[in-house]
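In our numbering, the protein residues as written are 428 to 683. C-beta atoms are modelled at their ideal positions from N, C-alpha and C, and glycine is treated no differently.
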C-alpha cells in the first residue's frame, strides 16, 4: 500500500472506463477518497458505486471546483486522464485539432491553474498526467493525437521542474497500447503498432503506484519505451527511418 494515497482526496477524469476506471479502483483500494469524473454520467456513477467513490460527471476541464467541494474542500491528487484519440494528418478538420488541443492539453492547464495556488499554500499536491508513448515518440496516422500528447508531456514536465522544490509531485504516464475503447478505435494503425504489446488498464495503474512509491516523474508501463525514447534523442534520423518503415507497412496493408 502506498502511504501517500491513504485518505487522500483524489480526482480521476475520464474514469468511466479504461485507464481512468483502473486508476480510480487502484486509488480506492489504497484507501483514498475518489471522485470519478466522466462525460458519460451513467458510467461515472457505475464506477463510483463500485468503489465507494463520488461521481462528478461532466466536462473534465470544469471538474475541479465541484470535485473539491465533494472531497470536503481539498484535492490532494488530480489525475488528468481524460483524452481524445484523434486520428488524421495535417489535413484533419480544424475542429478535430481544436478538440484534441482542448482535451489533451488545455484541460490539464486549466486544472493546474485551479489547483496550484492551494497546493503551493499547503506545500503539497500531486498532479498525474495520462500522456501516452505517443507523447514521447509519435503515432502513425494520428497527427492531432501525437502533437497534443507531446504538449501534454511538455506541460507535465514544466510543472515538475517549476514546482518540485515547493512540495508538488508530478507524474507523466506514457504507455503504448492499452486494451481500452480508445485502442479499439485506432483501427489498422493500432493493430500494426499497438496491439501486439497491449496491456490491461490495471497494469497502467500498478505502474503508476510503483512510480509513486519510487517518486518518479516518468511512468513507463512498457519499459521498452525508454529505449525507443533514447534512440529518438541520440539517433533521430535512424529512428525516423524506422518509423517511416512502419508508415509504409501501414500504407501497403491498407491499400490491399
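Residues that residue i bridges to, as DSSP identifies them
i           : result
residue 645 : 599
residue 556 : 507 and 599
residue 569 : 515
residue 460 : 436
residue 446 : Answer is none; residue 446 lacks a bridge partner.
residue 482 : 463
residue 639 : For residue 639, which the question treats as bridged, DSSP gives no partner whatsoever.
residue 626 : 605
Supposed close pair residue i, residue j - CB separation, criterion 8 Å
i           : j           : result
residue 601 : residue 558 : 5 Å
residue 436 : residue 545 : So it is not a contact: roughly 11 Å between Cβ atoms.
residue 635 : residue 668 : That pair is no contact at about 33 Å.
residue 549 : residue 488 : Actually they do not touch by this definition, with Cβ atoms about 23 Å apart.
residue 498 : residue 555 : No, residue 498 and residue 555 are not in contact; Cβ-Cβ is about 16 Å, not under 8 Å.
residue 432 : residue 494 : Residue 432 to residue 494, Cβ: 16 Å. No contact.
residue 512 : residue 609 : 5 Å
residue 577 : residue 562 : 5 Å
residue 429 : residue 640 : 6 Å
residue 607 : residue 444 : 7 Å
residue 621 : residue 603 : 6 Å
Buried or exposed by the 16-neighbour rule on C-beta atoms within 10 Å, applied to residue i
i           : result
residue 508 : buried
residue 464 : buried
residue 453 : buried
residue 648 : buried
residue 442 : buried
residue 638 : buried
residue 575 : buried
residue 661 : exposed
residue 440 : buried
residue 386 : No statement about residue 386 is possible, as the shown extent of the chain runs from 428 to 683 and does not include it.
residue 553 : buried
residue 490 : buried
residue 535 : buried
residue 510 : buried
residue 560 : buried
residue 671 : exposed
Neighbour flag for residue i against chain B, beta carbons, 8 Å
i           : result
residue 637 : Looking for chain B here will not work: only one protein chain is present.
* Asked: Do the segment 600-619 and the segment 558-577 touch if we need at least three Cβ pairs shorter than 8 Å?
  -> yes
* Is the segment 452-459 touching the segment 517-527, taking contact as three or more C-beta pairs under 8 Å? -> no
* Asked: Counting pairs of Cβ atoms below 8 Å between the segment 439-449 and the segment 651-661, do you hit three or more?
  -> no
* To do: Could you tell me whether the segment 581-592 touches the segment 620-630, where touching means 3 or more Cβ pairs closer than 8 Å?
  => no
* Taking one C-beta from the segment 509-524 and one from the segment 471-484 each time, how about it: are there three or more such pairs within less than 8 Å? -> no
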